[in-house]
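Here's what the structure looks like:
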């Protein structure tokens, strides 16, 4: 299990394969944005696989930086599941501070204000795994080449647009299928077009999948949305902290967690949509009138 505690890391630098393995442990789960320790505890109670500590500020007219370290520590102390934290694109010092705080994942995030318009962080230089955002296959592979061990779809600040996420997932899947149809000579042409290493393009062509997990970010409002993005190739999903404004946020979170676990079963999804589930105790059992499903 991932943990944000200092004793978790006995190596100066973790290998890329280890980082990808840690990201893989988050597949099939829900990652919830939280602004307080109370929200983090609720997310864990609902069955979230991880939380992403974010600032409560939503004023996009001001530059946004990483969340206050004291708030990070309060959230780390409140839960036993992995804690992720975002830094600004290109802000190496923020990333170093987050590594010193022993967070479980660092996100080089488009939702904060970028401090470098031409360079991303060299994520290979850190022992903590990173996630990055991408809108298409070329961006996915560029971020992987920089050391990202997890890719999520791209969500601009202040936007929760499921149509954008669906479009990005379809585009990435379509481009992967295209690469798999090319011969070696054509793959070399894709190296120049995408601006990424040949080894990554060849790997995608041979395996038919990204070298790292692909998650959907935001735009998911209910169980049906969650099932949709998983069917389109997302292996987990991020939920915005706006969900805590729901009249019953725990129930809303539980329904999405259940939907992720039953994304390919319309009958169970229908029961989830009607609120006939019981996964507050993390058993993810769906209840009918007379018996458990």
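In full-length UniProt numbering, the protein residues as written are 1 to 293.
Even for Gly, the Cβ is constructed at its ideal location relative to N, Cα and C.
Remember, it's a predicted structure, so these values are computed and weren't measured experimentally.
Query: Among 245, 215, 222, whose alpha-carbon lies nearest the alpha-carbon of residue 28?; Result: 215
Query: Quick check on the burial criterion: 16 or more other C-beta atoms within 10 angstroms. Buried or exposed for residue 270?; Result: exposed
Query: How long is the line joining the alpha carbons of residue 294 and residue 92, rounded to whole angstroms?; Result: This structure cannot speak to residue 294, because the chain is shown only from 1 to 293.
Query: Mind the definition here: the segment 243-258 touches the segment 38-49 only if three or more C-beta pairs lie below 8 Å; say whether that holds.; Result: yes
Query: Spatial neighbours of residue 363 within its chain, please: C-beta separation below 8 Å, excluding the five flanking residues on both sides.; Result: Lying outside 1 to 293, the shown extent of the chain, residue 363 is not represented and no answer is given.
Query: Checking the sheet assignment: what are the DSSP bridge partners for residue 84?; Result: 52, 105
Query: For the alpha helix (DSSP H) that contains residue 186, what are its first and last residues?; Result: 184-194
Query: My understanding is that residue 100 touches residue 75, with C-beta atoms under 8 Å, so please give their C-beta distance in whole angstroms.; Result: Actually they do not touch by this definition, with Cβ atoms about 16 Å apart.
Query: Residue range of the alpha helix (DSSP H) that residue 16 falls in?; Result: 16-24
Query: What is the rounded straight-line gap between the Cα of residue 20 and the Cα of residue 273?; Result: 33 Å
Query: Among 168, 107, 97, whose alpha-carbon lies nearest the alpha-carbon of residue 146?; Result: 107
Query: Are the beta-carbon atoms of residue 208 and residue 180 separated by less than 8 Å?; Result: yes
Query: Taking the beta carbon of residue 125 as the centre, do at least 16 other beta carbons fall within 10 Å, making it buried, or is it exposed?; Result: exposed
Query: Beta strand (DSSP E) containing residue 216: first to last residue?; Result: 214-217
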